[in-house]
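Read through the structure below, which is laid out as structure tokens, and then see the notes.
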Amino acid sequence: MRIKCPYCGERDAQEFSYRGAGGLQRPDPDGANAQEAFVAYVYLRDNPAGPLAELWYHRAGCRSWLVVERDTRTHAMAGTALAAPLDSD
Amino acid sequence: MHYSILSLVGQALRGNRGWTPAWRRAEPKSRYNVVIVGGGGHGLATAYYLAKEHGVTDVAVVEKGYLGSGNVGRNTTIIRSNYLLPGNVPFYEWSMKLWEGLERELNFNVMVSQRGVLNVFHSDAQRNAFARRGNAMRLHGVDAELLDRDQVRAMLPFADFESARFPILGGLLQPRGGTARHDAVAWGYARGADMRGVDIIENCEVTGIRIADGRTQGVETTRGFIGADKVALSCAGNTSRVAAMAGLRLPIESHVMQAFVSEGLKPLIDNVVTFGAGHFYVSQSDKGGLVFGGDIDGYNSYAQRGNLPVVEDVVEGALALFPNLARLRVLRNWGGLVDMSMDGSPIIDKTPVDKLYLNGAWNYGGFKATPAAGWCFAHLIANDEPHPVAAAYRLDRFARGDVIDERGAGAQPNLH
Numbered sequence: 567m568r569i570k571c572p573y574c575g576e577r578d579a580q581e582f583s584y585r586g587a588g589g590l591q592r593p594d595p596d597g598a599n600a601q602e603a604f605v606a607y608v609y610l611r612d613n614p615a616g617p618l619a620e621l622w623y624h625r626a627g628c629r630s631w632l633v634v635e636r637d638t639r640t641h642a643m644a645g646t647a648l649a650a651p652l653d654s655d
Numbered sequence: 008m009h010y011s012i013l014s015l016v017g018q019a020l021r022g023n024r025g026w027t028p029a030w031r032r033a034e035p036k037s038r039y040n041v042v043i044v045g046g047g048g049h050g051l052a053t054a055y056y057l058a059k060e061h062g063v064t065d066v067a068v069v070e071k072g073y074l075g076s077g078n079v080g081r082n083t084t085i086i087r088s089n090y091l092l093p094g095n096v097p098f099y100e101w102s103m104k105l106w107e108g109l110e111r112e113l114n115f116n117v118m119v120s121q122r123g124v125l126n127v128f129h130s131d132a133q134r135n136a137f138a139r140r141g142n143a144m145r146l147h148g149v150d151a152e153l154l155d156r157d158q159v160r161a162m163l164p165f166a167d168f169e170s171a172r173f174p175i176l177g178g179l180l181q182p183r184g185g186t187a188r189h190d191a192v193a194w195g196y197a198r199g200a201d202m203r204g205v206d207i208i209e210n211c212e213v214t215g216i217r218i219a220d221g222r223t224q225g226v227e228t229t230r231g232f233i234g235a236d237k238v239a240l241s242c243a244g245n246t247s248r249v250a251a252m253a254g255l256r257l258p259i260e261s262h263v264m265q266a267f268v269s270e271g272l273k274p275l276i277d278n279v280v281t282f283g284a285g286h287f288y289v290s291q292s293d294k295g296g297l298v299f300g301g302d303i304d305g306y307n308s309y310a311q312r313g314n315l316p317v318v319e320d321v322v323e324g325a326l327a328l329f330p331n332l333a334r335l336r337v338l339r340n341w342g343g344l345v346d347m348s349m350d351g352s353p354i355i356d357k358t359p360v361d362k363l364y365l366n367g368a369w370n371y372g373g374f375k376a377t378p379a380a381g382w383c384f385a386h387l388i389a390n391d392e393p394h395p396v397a398a399a400y401r402l403d404r405f406a407r408g409d410v411i412d413e414r415g416a417g418a419q420p421n422l423h
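Chains as they are written, first to last, in the working numbering: chain A, 567 to 655; chain B, 8 to 423.
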């Protein structure tokens, strides 16, 4: 597999570390059902067979966190973006 | 048909024309007491023990492909019970005890070979860790022996003992561990279940789980609806997908795990051997090929094929341990789908949906568990309560903070 890093271009997937599904939002610890929400956040996953937005870290490159759109049935990459865009804090 | 020396000689004299199929090609009935989703080793063992131990024979096993086409034929055939944690050791030891009597039990040659599983270690710290694991095993009545360097050298004279980086200092041996022929395990359980009245329905993919008022009604399949009092999921690799049909979200990611077979060699490696400074394990099949594997690829996948970096990593592990394999050619390699759970341990439990049962999350260790998983899952389905040796494998252990994490890696499936 090769991943297209926005900074470094297309690089071998070995340069990256895998974190799993992206898009998980850390729950509000003071919110209602915080305990249940944290269990879901830490442990439960959709684990789809098909397109998945996932987090990869370009460990041996620019050290950016990336959101990669990849199909888990074929390993085909549909797109890559920075997990934290430049204009954010 | 009972297999024996008499049936063998009798058939030989009649030109081997009288053998009958080991199981019927069953057509689905409209309703069963229990429908098991997944005709792999675990599903078939569950059906077998339901019929044999609990007298529940109105059972169907539905399999989307042909029998044994999934993970039961995609593993490296290793059986062992060398675990550390209390929730795991009694379960895997029960599995080992069932393996030891399985041929007699099934009247089928599953080729259980207790050739010993040797984990070599390469540092003082690793020796301590292995000694601790061996002690935990012995406290549970499991066989374990800590070997020094000379004892390992006597077993593996061709290993690289002088490596500056990973010198072999000794090993932890479980003499009762070994290998079994994985296809025969599926066939043997299928035959035994079929003889007791279980319907094995191949090429029948489950496309939905029908639920009314919070209770399971049956399964929608590519061959029509099949009603059931109880539905039991035993489809590791695809557990999340099938459970999602019942609205469940599980602590599982599906990953791909690769395995390899080399060209045939004269007898070289007598035991199952694992490398302690990387992830590599190997045994030699009766045909002479080395059967080996290593880490999972490490990203979510349903592709049943992996990538080259893991191939390279496995081969590096092989050569660091056994430099004499450098010119060995690999005949084939393949990938299987594994349910990687958030603590690296399995789940055998009821689900929040009434009469829907779950056996899955086997990570990369489901094959060795086949007999005990079938035994305990059948117990759960028949009695609605967990079997004592599988009592730790609850679905709610994550919410309770009672995880079973052998690796100590936390909630990150690709690190287990």
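Glycine included, C-beta positions come from ideal geometry on N, C-alpha and C.
Since this is a predicted model, take the numbers as computed values, not measurements.
Runs of beta strand (DSSP E) lying entirely within the stretch 163-244 of chain B, each at least 3 residues, in chain order: If we require 3 residues or more, the beta strand (DSSP E) runs fully inside the stretch 163-244 of chain B come out as 177-181, 206-208, 213-219, 222-228, 231-240.
Every unbroken beta strand (DSSP E) inside the stretch 249-303 of chain B [3 residues or more]: 259-271, 279-282, 287-291, all fully within the stretch 249-303 of chain B.
Paired residues, beta bridge with A:Gly645 - DSSP: Along the first sequence, one-based indexing puts residue 645 of chain A at 79. In the DSSP assignment, A:Gly645 is bridged to A:Glu635.
Buried versus exposed, by CB contacts within 10 Å (16 or more), B:Ala266: Mapped onto the second sequence, residue 266 of chain B falls at position 259. So B:Ala266 ends up on the buried side.
Residues, ordered as in the chain, of the stretch 597-622 of chain A that lie near chain B by beta-carbon distance below 9 Å: Of all residues in the stretch 597-622 of chain A, Gln601, Glu602, Val605, Ala606, Val608, Tyr609, Leu610, Arg611, Asp612, Asn613, Pro614, Ala615, Gly616, Leu618, Glu620, Trp622 have a Cβ within less than 9 Å of some Cβ in chain B.
Buried/exposed call for A:Glu576, threshold 16 Cβ in 10 Å: Mapped onto the first sequence, residue 576 of chain A falls at position 10. With fewer than 16 other Cβ atoms inside 10 Å of its own Cβ, A:Glu576 counts as exposed.
Whole-angstrom distance between B:Arg140 and B:Val318, CA atom to CA atom: Start at 1 with the first residue of the second sequence, and residue 318 of chain B comes out as number 311. Start at 1 with the first residue of the second sequence, and residue 140 of chain B comes out as number 133. When rounded, the distance between both Cα atoms is 29 Å.
Short CB-CB distance (under 7 Å) between A:Tyr584 and chain B: Translated into positions along the first sequence, residue 584 of chain A becomes position 18. So yes, A:Tyr584 belongs to the interface.
Chain B within 7 Å of A:Gln591, Cβ atoms only: Position 25 of the first sequence holds residue 591 of chain A. At a cut-off of 7 Å between beta carbons, A:Gln591 makes no contact with chain B.
Start-to-end residues for the beta strand (DSSP E) that takes in B:Ile411: Counting from 1 along the second sequence, the entry for residue 411 of chain B is found at position 404. Annotation: B:Ile411 is outside any beta strand (DSSP E) and is labelled neither H nor E by DSSP.
Buried or exposed by the 16-neighbour rule on C-beta atoms within 10 Å, applied to A:Phe582: The residue given as residue 582 of chain A occupies position 16 in the first sequence. It is buried - the Cβ of A:Phe582 has at least 16 other Cβ atoms within 10 Å.
Reduced DSSP secondary structure (H/G/I, E/B, other) of A:Cys571: Here residue 571 of chain A refers to the residue found at position 5 when the first sequence is read from its first residue. A:Cys571: strand per DSSP, three-state reduction.
Inter-residue CB distance, B:Ala52 and B:Tyr196 (contact presumed, cutoff 8 Å): Within the second sequence, numbered from 1, the residue matching residue 52 of chain B stands at position 45. Within the second sequence, numbered from 1, the residue matching residue 196 of chain B stands at position 189. Going by Cβ atoms, the distance from B:Ala52 to B:Tyr196 rounds to 5 Å, so yes, they are a contact pair.
Beta-bridge partners of B:Ser2, as assigned by DSSP: Residue coverage of chain B in this structure runs from 8 to 423, which leaves residue 2 of chain B outside it and unanswerable.
Near the ligand ADP: A:His641 beta-carbon under 6 Å from a heavy atom: Looking at this structure, you won't find the ligand ADP or any other ligand, since it has none at all.
Interface flag, B:Asn421 vs chain A, CB-CB below 7 Å: The sequence position of residue 421 of chain B within the second sequence is 414, counting from 1. Residue-level contact by beta carbon holds for B:Asn421 and chain A, with a gap shorter than 7 Å.
Between the CA atoms of A:Ala598 and B:Trp369 - distance to the nearest angstrom: Taking the second sequence and counting its residues from 1, the one referred to as residue 369 of chain B is at position 362. Taking the first sequence and counting its residues from 1, the one referred to as residue 598 of chain A is at position 32. For B:Trp369 and A:Ala598, the distance between alpha carbons rounds to 34 Å.
Contact list for the stretch 400-411 of chain B against chain A, Cβ threshold 8 Å: Residues of the stretch 400-411 of chain B whose Cβ lies closer than 8 Å to any Cβ of chain A, in chain order: Phe405, Ala406.
The stretch 161-174 of chain B / the stretch 119-132 of chain B touching (three or more Cβ pairs under 8 Å): Yes, since at least three Cβ pairs between the stretch 161-174 of chain B and the stretch 119-132 of chain B fall closer than 8 Å, the two stretches touch.
Counted within 10 angstroms of its Cβ, other Cβ atoms place B:Pro258 as buried (16 or more) or exposed: Working through the second sequence from its first residue, we reach residue 258 of chain B at position 251. Burial check for B:Pro258: the Cβ neighbour count within 10 Å reaches 16 or more, so the residue is buried.
Cα-Cα separation, B:Ala33 to B:Leu74: Looking up residue 33 of chain B in the second sequence gives position 26. Looking up residue 74 of chain B in the second sequence gives position 67. Rounded to whole angstroms, B:Ala33 to B:Leu74 spans 12 Å at the Cα level.
Per-residue contacts from A:Met567 into chain B (C-beta, under 7 Å): Start at 1 with the first residue of the first sequence, and residue 567 of chain A comes out as number 1. What A:Met567 touches in chain B: Asn314.
As assigned by DSSP and simplified to three states, the class of B:Lys104: Taking the second sequence and counting its residues from 1, the one referred to as residue 104 of chain B is at position 97. The answer is helix: DSSP assigns B:Lys104 an H, G or I state.
Closest Cα partner of B:Thr27 within the set B:Ala239, B:Arg198, B:Ile216: As a position in the second sequence, residue 27 of chain B is number 20, starting the count at 1. For B:Thr27, the nearest C-alpha among the options comes from B:Arg198.
Backbone secondary structure at B:Val63 - three-state DSSP: Along the second sequence, one-based indexing puts residue 63 of chain B at 56. B:Val63 sits in coil when the DSSP states are folded into three classes, being neither helix nor strand.
Chain B contacts made by the stretch 622-653 of chain A, where a contact means CB separation under 7 Å: Along the stretch 622-653 of chain A, going in chain order, the ones with a CB nearer than 7 Å to a CB of chain B are Thr638, Arg639, Thr640, His641.
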